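Novice: One structure, pasted below without further comment.
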Amino acid sequence: MNWKKVINAGSTNINNLLIQHFQELQFTSDEFVLFVNLKMFQEQGIHFPATVQLTKNTGFSVPQIYQLTQSLIDKHLIQIESRTSQNKKYQDYYDLSPAFEKLEVKQQTTPIQDTNNEVQNLFQKIEVEFGRPLSPIERQTIQEWLQEDKYSPEIINLALKEAVLNQVYSLKYMDRILINWEKQHITTAAQLQQNKMRYGGK
């Protein structure tokens, strides 16, 4: 094998997150192969590669290339735009930015989904420990702890543990614990442990 030729061929820069989440962005495997080829040509300065070039690289037929391209456009993963060249002629080019914009939106919404999961996990843990379903008002109280008081799920779980140890199954009791810890600037399990050691485990 001619290693020099391989090295000189260069490489294509594809974002790792795009590779990891291409199915969630609604790429099919064939569409992603075509997208990567469009990206490769773009990095080589070829912004609107000929169909014959794409068929040669991908192994897809001409009708497949047309079908896959239209599917990528319909899914808002690419666009075909026009711009004026230096000699004042219109030139078409593939705009790949919509795929990266969708990826950015996904990354921004993921923390929200994670937060919702944390809230549901808190509800479930408290219901299990209390041995009963939470009322709508109690659920609202927990959400206020997170959103308004900015208590972390970790510190709320610690307050729950403290309440269970004292056999007091009440959010009001947990609230008093949280307020007391807040006054002492306790926000983590490590700080709580240090505080207990300081006062002889009380």
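Numbering (the UniProt record's numbering), first residue to last: 1 to 202. Heads up, the beta-carbon is just placed ideally off N, CA and C, and yes, glycines get one too. Quantities reported herein were computed from a predicted structural model and do not represent experimental measurements.
(1) Is S61 helix, strand or coil by DSSP?
(2) Output yes or no for whether 9 Å exceeds the beta carbon distance between S152 and T187.
(3) Looking at C-alpha atoms only, which residue of L34, M197 and E148 is the closest neighbour of Q67?
(4) Excluding five sequence neighbours on each side, which residues of the same chain lie with their C-beta closer than 6 Å to the C-beta of I137?
(5) DSSP on T69, reduced to helix/strand/coil?
(6) Check each candidate in V36, Q167 and R83 and name the one with the smallest Cα separation from K16.
(7) Here's a check: name, in chain order, each residue in its chain whose Cβ is nearer than 7 Å to the Cβ of E24, leaving out the five neighbours to either side.
(8) Using DSSP bridges, identify the partner residues of I80.
(9) Find the nearest neighbour of S97 within the set I177, L38, N195 and I179, judged by alpha-carbon distance.
(10) Alpha carbons only, please: which of T69, L171, T141 and T84 is nearest the one belonging to Y94?
Specialist: Concretely, from the data shown:
(1) Looking up residue 61 in the sequence shown gives position 61. Here S61 sits in coil by DSSP.
(2) By one-based count along the sequence shown, residue 152 stands at place 152. By one-based count along the sequence shown, residue 187 stands at place 187. Yes. Within cutoff.
(3) Within the sequence shown, numbered from 1, the residue matching residue 67 stands at position 67. If we check each option's Cα against that of Q67, L34 comes out closest.
(4) The residue given as residue 137 occupies position 137 in the sequence shown. No residues qualify anywhere along the chain.
(5) Working through the sequence shown from its first residue, we reach residue 69 at position 69. If DSSP states are grouped into helix, strand and coil, T69 belongs with the helices.
(6) Residue 16 sits at position 16 when you count from the first residue of the sequence shown. Correcting the residue type first, residue 16 is Asn in the shown sequence and not Lys. The option with the nearest alpha carbon to N16 is V36.
(7) In the sequence shown, counting from the first residue as 1, residue 24 sits at position 24. Answer for E24: K106, listed in chain order.
(8) Taking the sequence shown and counting its residues from 1, the one referred to as residue 80 is at position 80. Per DSSP, Y94.
(9) As a first step, residue 97 must be located in the sequence shown, where it is residue number 97. Comparing Cα-Cα distances from S97 to each of I177, L38, N195 and I179, the minimum goes to L38.
(10) Looking up residue 94 in the sequence shown gives position 94. Of the listed residues, the one whose Cα sits closest to Y94 is T69.
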